[in-house]
Amino acid sequence: MSGLNRDLIFKLTYALIATGIIIILCTIGSISSGGIVGTMIGYSFITAGILVLAGYIIGNLSNLIQAFFSAGPLLMLAGTIMFLLNLLNKNINRISTGNTSSGYYTFSNICLILIILQLIIFYDGTTKKQFQDTYELSKVSSMGIYLLGVINIISANTLGTILSSYITDG
Numbered sequence: 020m021s022g023l024n025r026d027l028i029f030k031l032t033y034a035l036i037a038t039g040i041i042i043i044l045c046t047i048g049s050i051s052s053g054g055i056v057g058t059m060i061g062y063s064f065i066t067a068g069i070l071v072l073a074g075y076i077i078g079n080l081s082n083l084i085q086a087f088f089s090a091g092p093l094l095m096l097a098g099t100i101m102f103l104l105n106l107l108n109k110n111i112n113r114i115s116t117g118n119t120s121s122g123y124y125t126f127s128n129i130c131l132i133l134i135i136l137q138l139i140i141f142y143d144g145t146t147k148k149q150f151q152d153t154y155e156l157s158k159v160s161s162m163g164i165y166l167l168g169v170i171n172i173i174s175a176n177t178l179g180t181i182l183s184s185y186i187t188d189g
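Each residue of the sequence shown is one higher than the last, beginning at 20 in this note's numbering.
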């Protein structure tokens, strides 16, 4: 694929991801159902951008090992975000009425920070010459994203436990 199409795809997906982050940052701390829906929309924008990027990267790689290091971290991140979207969707009424533990807000913010850190590492990795030439992330970038991804999955599961087990009366 030509460099122009490649640049266009990357700029479009980065714009989707940046828009999603901005939407989430605008709705952070809001407990109204509108704020939660805004957060869900922001996560959806990020997921759409990630999946387009992962598909493009996989389409340009020649073997499974390269895909594991380059697109695997993105797919892991997309899966985590989809899990968070599912949690928000299932518990929107409980969250909007304030019937959640204070731990919900703590772990929700931890998950968001970890997602942003993963995206920063990925963006940094994609601007390096190695990625520009081969569509392959460096192993350091890839493993950094995987490490933060594992921590994020643990945080998201903790968030799910808080939402299902620690209900308050508001």
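For each residue, glycine too, the CB sits at the ideal point set by N, CA and C.
Unbroken alpha helix (DSSP H) run spanning residue i, endpoints
| i | result |
| --- | --- |
| A73 | 52 to 78 |
| G12 | As displayed, the chain neither begins before 20 nor continues past 189, which places residue 12 out of reach and without an answer. |
| A86 | 83 to 89 |
| T116 | Here T116 belongs to no alpha helix (DSSP H), and DSSP marks it neither H nor E. |
| L156 | Run containing L156: none; DSSP gives neither H nor E here. |
Short Cβ contact (7 Å threshold) for residue i with residue j
| i | j | result |
| --- | --- | --- |
| L178 | L133 | no |
| F88 | L156 | yes |
| I111 | F141 | no |
| L80 | Y154 | yes |
| Y123 | I181 | yes |
| L96 | Q137 | yes |
| T66 | G54 | no |
| I28 | Y75 | yes |
| L107 | M59 | yes |
C-alpha gap between residue i and residue j, whole angstroms
| i | j | result |
| --- | --- | --- |
| L44 | S174 | 19 Å |
| L93 | G61 | 17 Å |
| I50 | I186 | 15 Å |
| K3 | S115 | The chain is shown only over 20 to 189; residue 3 falls outside these bounds and no answer can be derived. |
| N105 | N171 | 15 Å |
| I69 | Y33 | 9 Å |
| L52 | V169 | Here residue 52 turns out to be Ser, not Leu, going by the sequence shown. Distance between the alpha carbons of S52 and V169 is about 29 Å. |
| K158 | F64 | 27 Å |
| I84 | G98 | 20 Å |
| L31 | R25 | 10 Å |
| I135 | S160 | 14 Å |
| G57 | Q149 | 36 Å |
| G117 | I139 | 32 Å |
| T125 | G48 | 10 Å |
Residue environment, residue i, which counts as buried when at least 16 other CB atoms sit within 10 Å
| i | result |
| --- | --- |
| Y82 | The residue you asked about is not Tyr; residue 82 is Asn in the sequence shown. Answer is exposed; the Cβ neighbour count stays below 16. |
| N128 | exposed |
| I100 | buried |
| L72 | buried |
| G144 | buried |
| S121 | exposed |
| G39 | buried |
| G91 | buried |
6 Å Cβ shell around residue i - same chain, five flanking residues per side excluded
| i | result |
| --- | --- |
| G78 | none |
Beta-carbon contacts of residue i that lie in its chain and below 8 Å, excluding the five residues immediately before and after
| i | result |
| --- | --- |
| T119 | N110, R113, I181, L182, Y185, I186, T187 |
| A86 | I76, I77, L80 |
Beta-carbon proximity list for residue i, same chain, < 7 Å, skipping 5 on both sides
| i | result |
| --- | --- |
| N176 | none |
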